[in-house]
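Visitor: To convert, note that position 283 of the sequence shown is 305 in the numbering used here; the numbers rise steadily by one, no gaps. We put the CB at the ideal spot given by N, CA and C, even for glycine.
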Amino acid sequence: MTPSARLSASIELLDQILAGEPAERALTRWARGSRYAGSKDRAAIRDIVYDCLRQKRSLAHLGGAMNGRSIVLAHQYQARINLNDLFTGEGFAPAIITPAEIEALENPQPASAPVRLDFPDFLEPELKASLGDGFDEILTAMQGRAPVDLRVNTLKTTIAEAQNLLARDLIFTDILPNIPDALRITQNPRKLNGSLAYRYGFVELQDVSSQRIARFADAKPGMRVLDYCAGGGGKTLALAALMQEKGVLLAHDVNPARMKDLPERARRAGAKIQILPPNQLDLTKQCDLVLVDAPCSGSGAWRRNPDSKWRLGPAGLEKLTQLQDEILELAKGFVKPGGKLVYATCSLFDLENDQRIQHFLAKNADWTLNDEIRLTPSTGGDGFFGAILDKP
23 MTPSARLSAS IELLDQILAG EPAERALTRW ARGSRYAGSK DRAAIRDIVY
73 DCLRQKRSLA HLGGAMNGRS IVLAHQYQAR INLNDLFTGE GFAPAIITPA
123 EIEALENPQP ASAPVRLDFP DFLEPELKAS LGDGFDEILT AMQGRAPVDL
173 RVNTLKTTIA EAQNLLARDL IFTDILPNIP DALRITQNPR KLNGSLAYRY
223 GFVELQDVSS QRIARFADAK PGMRVLDYCA GGGGKTLALA ALMQEKGVLL
273 AHDVNPARMK DLPERARRAG AKIQILPPNQ LDLTKQCDLV LVDAPCSGSG
323 AWRRNPDSKW RLGPAGLEKL TQLQDEILEL AKGFVKPGGK LVYATCSLFD
373 LENDQRIQHF LAKNADWTLN DEIRLTPSTG GDGFFGAILD KP
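#1: Provide the residue(s) that pair with V312 in DSSP beta bridges, ordered along the chain.
#2: Count the CB pairs spanning the segment 250-265 and the segment 218-238 that are closer than 8 Å, and state whether there are at least three.
#3: What ranges does the beta strand (DSSP E) occupy inside the segment 137-190, keeping only unbroken runs of at least 3 residues that lie completely in it?
#4: What does R416 pair with, by DSSP beta-bridge criteria?
#5: How would you label F114, buried or exposed, when you count the other beta carbons within 10 angstroms and need 16 or more for buried?
#6: Would L75 be called buried (16 or more neighbouring beta carbons within 10 Å of its own) or exposed?
#7: Alpha carbon to alpha carbon, what distance is there between E267 and K354?
#8: Where do the N-terminal and C-terminal ends of the beta strand (DSSP E) with T390 fall, by residue?
#9: The alpha helix (DSSP H) with V94 in it runs from where to where?
#10: So, under 8 Å CB-CB, R378 and L350 are touching, yes? Tell me the CB distance rounded to an integer number of Å.
#11: Y250: which of T401, Y222, N301, R173 sits nearest, CA to CA?
#12: Reducing DSSP to helix, strand and coil, say where E125 ends up.
#13: CB-CB under 8 Å to V314, same chain, minus the five flanking residues each way: which ones, in chain order?
#14: Where does F356 sit, in a helix, a strand or coil, going by DSSP?
#15: Under 8 Å by Cβ, that's how I've got N392 and D376 pegged, so tell me the actual separation to the nearest angstrom.
#16: Could you please give me the residues that DSSP links to D412 through a beta bridge?
#17: One question on the structure: do L271 and M265 come within less than 8 Å of each other, judged by their Cβ atoms?
#18: Within the same chain, show all residues whose beta-carbon is closer than 7 Å to that of R246, passing over the 5 residues directly before and after it, in chain order.
#19: Short of 6 Å in beta carbon distance, which residues of its chain neighbour A96, apart from the five on each side in sequence? Order them along the chain.
#20: With a threshold of 7 Å on Cβ separation, who are the neighbours of R64 within its own chain once the five nearest residues in sequence on each side are excluded?
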């Protein structure tokens with residue numbers, strides 16, 4: 023595909039997404055129906071679509087309309103691409119730029135904070151209250167791509183060995199200071215799935231903030247640990263490495279289908295994990311540590327899943343906070359006396375973070391808040407929150 027044809031495909035996909043189709047579904051369906059597109063074409067179009075979704079409102083404002091063409095046009099204009107070379111109207115290229123489009127790009131109008139920083143209007147009070155002085159900085163960071171981070175699996179290797187093995191496949195990384203076992207890919211992230219280091223289980227894809235939350239939970243060798251909302255199992259595997267194969271590690275999710283990849287991931291990582299469906303959890307076998315990585319808005323990971331930002335509404339956010347309260351009340355029953363309940367979200371909102379902890383403590387006055395952690399792109403990774411609650 024030519025660069026112009028890639029832009030046309032991106033415009034078509036964005037129009038479908040703006041009409042209500044989930045981004046990932048639209049991209050997958052397009053790839054299956056476009057056998058002429060090579061892997062580089064598919065990757066380039068995916069990048070354009072996701073770059074545009076991260077900045078949907080600000081690009082539409084700059085381009086003059088909320089449609090795929092205006093958004094892609096503004097995206098290319100911001101990248102200082104020569105638009106006349108790509109918008110030619112020839113073959114599969116987008117139509118020639120109009121004078122009105124040029125006027126909109128060259129004379130941008132003032133924009134409100136939600137438009138300028140790309141988030142839904144209803145979230146402005148919550149974001150300002152939650153982010154404080156970091157409001158502009160953090161939301162500006164959320165408009166760009168997220169870094170690609172790895173966790174070195176210390177059950178199998180060392181960070182130096184992992185770096186060397188990755189380099190053999192031309193995947194180059196930097197060590198992240200003050201974060202043990204974390205690497206950030208600086209070149210060729212798309213080669214990772216085919217690399218020896220990944221296939222042998224020496225490294226796992228995991229955002230550095232997610233790694234920090236797993237360490238914050240402070241699982242130790244010999245403990246009995248339950249990952250109550252395990253999902254795909256990224257934090258479960260991180261807990262396994264921290265426990266050094268000593269103790270009992272249980273993985274649970276109310277929807278077992280979310281854990282479908284965990285058995286193979288655990289096998290590859292050399293981690294011993296007992297995967298339990300909901301009806302096999304035993305309240306009589308209480309744990310030293312229960313981690314609740316609760317379902318949430320995902321606002322801390324908007325860089326990775328920008329489509330979710332635009333699908334979030336007030337009613338959906340309210341349902342999430344109710345669910346978070348329910349999960350905490352259920353999970354506390356699996357903590358033994360003197361044990362710890364660790365609550366985590368990948369959310370920026372106090373509504374899902376501090377307020378949920380205060381709600382829990384108001385209902386459970388004998389529990390105490392031990393520690394909290396807040397992470398944002400300013401600290402190097404996704405937005406996360408964590409709190410340690412001690413059971414008497």
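Guide: Put simply:
#1: Against the sequence shown, residue 312 aligns to sequence position 290. Residue pairing from DSSP places V312 in a beta bridge opposite L248, L363.
#2: yes
#3: 171-174
#4: Residue 416 is absent from the model: the chain starts at 23 and stops at 414.
#5: Numbered from 1 along the sequence shown, position 92 holds the residue referred to as residue 114. Under this definition F114 is an exposed residue.
#6: Here residue 75 corresponds to residue number 53 of the sequence shown, with the count starting at 1. That one is buried.
#7: Working through the sequence shown from its first residue, we reach residue 354 at position 332. Working through the sequence shown from its first residue, we reach residue 267 at position 245. K354 and E267: Cα-Cα distance of roughly 25 Å.
#8: Stepping through the sequence shown from its first residue, residue 390 is reached at position 368. Per DSSP, T390 belongs to the beta strand (DSSP E) from 390-397.
#9: Position 72 of the sequence shown, counted from the first residue, corresponds to residue 94. From DSSP, the alpha helix (DSSP H) with V94 extends over 90-100.
#10: Start at 1 with the first residue of the sequence shown, and residue 378 comes out as number 356. Start at 1 with the first residue of the sequence shown, and residue 350 comes out as number 328. That pair is a contact at about 7 Å.
#11: Mapped onto the sequence shown, residue 250 falls at position 228. The shortest Cα separation from Y250 among T401, Y222, N301, R173 belongs to N301.
#12: The residue you call residue 125 lines up with position 103 of the sequence shown. E125 falls in the helix class under three-state DSSP.
#13: Locating residue 314 in the sequence shown gives position 292, counting from the first residue. So the qualifying residues of the chain are Y250, C251, I349, L350, A353, L363, V364, Y365, A366.
#14: Locating residue 356 in the sequence shown gives position 334, counting from the first residue. F356: helix per DSSP, three-state reduction.
#15: For this step, residue 392 is matched to residue 370 along the sequence shown. For this step, residue 376 is matched to residue 354 along the sequence shown. Wrong, their Cβ atoms sit about 14 Å apart, outside the cutoff.
#16: Mapped onto the sequence shown, residue 412 falls at position 390. In the DSSP output, where bridge partners are listed per residue, D412 has K362, T390.
#17: On the sequence shown, position 249 is the one that residue 271 refers to. On the sequence shown, position 243 is the one that residue 265 refers to. A contact, by the Cβ cut-off of 8 Å.
#18: Within the sequence shown, numbered from 1, the residue matching residue 246 stands at position 224. So the list reads G269, V270, C309, D310, once near-sequence residues are dropped.
#19: By one-based count along the sequence shown, residue 96 stands at place 74. L81, L84, G85, listed in sequence order.
#20: Position 42 of the sequence shown, counted from the first residue, corresponds to residue 64. Here R64 has A53 as same chain residues with Cβ atoms under 7 Å from its own Cβ, once five neighbours each way along the sequence are excluded.
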